[in-house]
Structures are given as C-alpha cells and as structure tokens.
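Participant:
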Amino acid sequence: MQKLSYTALRRSPELAGGNGGGYYITAKSIEVNHHQVPLPNHGAPLVVQLSSMVPYTELRPDVYGPFVKAWDEILQWPKKVAPPVAPFELCYESRTIGSNRLGYAVPDININLEDGAAWYIFGGNSLVQVDDATACFAFVEMRLEKAGAGYGGGGAPAVVIGGHQMEHNLVVFDEEKQQLGFTCSASAFGV
146 MQKLSYTALR RSPELAGGNG GGYYITAKSI EVNHHQVPLP NHGAPLVVQL
196 SSMVPYTELR PDVYGPFVKA WDEILQWPKK VAPPVAPFEL CYESRTIGSN
246 RLGYAVPDIN INLEDGAAWY IFGGNSLVQV DDATACFAFV EMRLEKAGAG
296 YGGGGAPAVV IGGHQMEHNL VVFDEEKQQL GFTCSASAFG V
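Each residue of the sequence shown is one higher than the one before, starting from 146 at the first, in our numbering.
Structure (structure tokens):
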C-alpha cells in the first residue's frame with residue numbers, strides 16, 4: 146500500500162456557505178510541469194477545499210486565469226484545439242494527445258501545500274474525454290456568485306478540488322488529529 150502524505154485539516158463554519166461548515170487545507174503555490182503559476186496571493190496561503198459534490202476542480206477567477214494560461218503555454222505536443230464543450234474552456238482533438246500509464250501525456254499539476262506535501266494531478270485527472278474525438282482540460286472557473294459568497298470572512302476558496310481530480314486518490318479525513326491523509330493518483334497506476 147502506498148504511504149499517505151499528510152497535511153493540516155482545518156474547519157471553518159463559513160466555508161460551506163453557512164450550511165454546517167466545511168474542511169479546508171492550505172497551499173502555498175500551484176505549479177504546472179514544475180513551473181510556478183503566478184498567482185495574486187502575494188505569498189498568502191491559498192485556501193483549498195475538497196468536494197465530491199463538485200464534478201471538476203473550480204478555481205476562483207483570479208486564480209483560474211493565470212492557471213489556464215500557464216497550462217496552455219506549457220503544453221509541448223502539437224495540439225489540435227477543438228471547439229470548447231461546456232463547461233470547459235480548453236478542448237483538444239483526442240487523437241493528437243499522446244498517452245502513458247497515467248492517462249494523457251500532458252504536464253503534471255502540483256498544488257504545493259503549506260507543510261511541504263503536494264497534491265499531484267496527472268494526465269488521467271487533468272483532462273476528461275467529453276466525446277469520441279474531444280478531450281477537455283478538466284478545470285472550470287468558479288461562478289461569480291460562489292466567488293463572492295462570503296467564504297471564510299472574505300471571498301471563496303482559491304481552489305475547490307472536485308471529484309474528477311480526486312479519482313484514484315485515497316483520501317482520509319482524520320478529525321481527531323486534524324489532518325488530511327492522501328495518496329496521489331499515480332499510486333493507482335503502480336507509480
């Protein structure tokens with residue numbers, strides 16, 4: 146069995162929009178293929194939620210823009226862009242994307258957590274096949290009504306990790322120790 150990574154688990158009554166609270170973890174940065182995404186947090190921690198109620202990871206608009214730009218600039222393969230398929234902005238012709246045992250052969254994404262652990266997102270969790278010919282970048286911009294919903298006494302969390310990006314990860318909420326244990330999706334593929 147893959148060893149779990151751990152990070153501090155925090156609880157906030159405001160995170161779930163006042164409906165009983167929510168758990169969050171904090172991150173210091175996001176990387177695409179080991180290149181740090183320039184984010185507007187000015188060194189402040191990024192609040193990250195995990196939600197099985199959200200199908201794809203949502204990013205607050207001020208985080209989504211630089212993240213998508215970094216992703217699109219770092220892609221190395223000769224991609225053929227396809228028309229967007231709602232709710233996704235970036236879509237590609239599947240046949241032009243290589244594959245490996247982690248899914249699509251695309252840049253890795255790391256959410257670098259405050260205490261040194263990282264939530265890794267590999268090809269199988271960063272793109273989603275939407276039809277026979279099209280795969281889309283499986284991240285969406287948080288809707289404005291959520292982004293200003295008063296989470297944590299301010300704006301929304303920077304990132305809400307959704308179900309697609311949690312697939313193939315073991316996630317353990319340890320309330321007693323106030324920590325989140327998790328494996329990366331690569332462990333599901335024996336990496």
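Beta carbons: idealized from backbone N, C-alpha and C, even for Gly.
#1: Out of curiosity, what's the CA-to-CA distance linking W208 and C236?
#2: Excluding the 5 residues flanking I142 on each side, which residues of the same chain have their C-beta closer than 8 Å to its C-beta?
#3: Which residue marks the beginning of the beta strand (DSSP E) containing V208, and which one marks its end?
#4: Spell out the partners DSSP gives H180 in its beta bridges.
#5: Any contact of the segment 314–333 with the segment 278–288, i.e. 3+ C-beta pairs under 8 Å?
#6: Give every residue of the same chain whose Cβ lies closer than 7 Å to the Cβ of G307, excluding the five residues on either side of it in the sequence, and list them in chain order.
#7: Under 8 Å Cβ to Cβ from A153, same chain only, skipping five residues before and after it: list those, please.
#8: Check whether the Cβ of G210 lies closer than 7 Å to any heavy atom of the ligand PLP, and answer yes or no.
#9: Can you tell me whether S239 is buried or exposed, with buried defined as 16 or more other CB within 10 angstroms of its CB?
#10: Tell me, to the nearest whole angstrom, how far the beta carbon of F267 is from that of F233; I am working on the premise that it is less than 8 Å.
#11: Any idea if P252 is buried or exposed, counting beta-carbon neighbours within 10 angstroms, 16 or more meaning buried?
Facilitator: Per the coordinate set shown:
#1: Translated into the one-based positions of the sequence shown, residue 208 becomes position 63. Translated into the one-based positions of the sequence shown, residue 236 becomes position 91. A quick correction: the sequence has Val, not Trp, at residue 208. V208 and C236: Cα-Cα distance of roughly 19 Å.
#2: What is shown of the chain runs 146 to 336, which leaves residue 142 out entirely.
#3: On the sequence shown, residue 208 is found 63 positions in, with the first residue counted as 1. Where V208 is concerned, there is no enclosing beta strand (DSSP E), although the alpha helix (DSSP H) it sits in stretches over 206–219.
#4: Here residue 180 is taken as the residue at index 35 of the sequence shown, counted from 1. Paired residues: V177.
#5: no
#6: The residue labelled residue 307 in the question sits at position 162 within the sequence shown. Closer than 7 Å at the Cβ level, and outside the excluded window around G307, lie S196, V199, P200, Y201, T202, E203.
#7: To locate residue 153, count along the sequence shown from 1; it is residue 8. Closer than 8 Å at Cβ, skipping near neighbours: I170, T171, E259, D260, Q323, Q324, L325.
#8: This structure lacks the ligand PLP, and indeed carries no ligand of any kind.
#9: In the sequence shown, the residue the question calls residue 239 occupies position 94. S239 comes out buried.
#10: As a first step, residue 267 must be located in the sequence shown, where it is residue number 122. As a first step, residue 233 must be located in the sequence shown, where it is residue number 88. Actually they are not in contact, since the Cβ atoms of F267 and F233 sit about 18 Å apart, beyond 8 Å.
#11: The count along the sequence shown starts at 1 and reaches residue 252 at position 107. It counts as buried.
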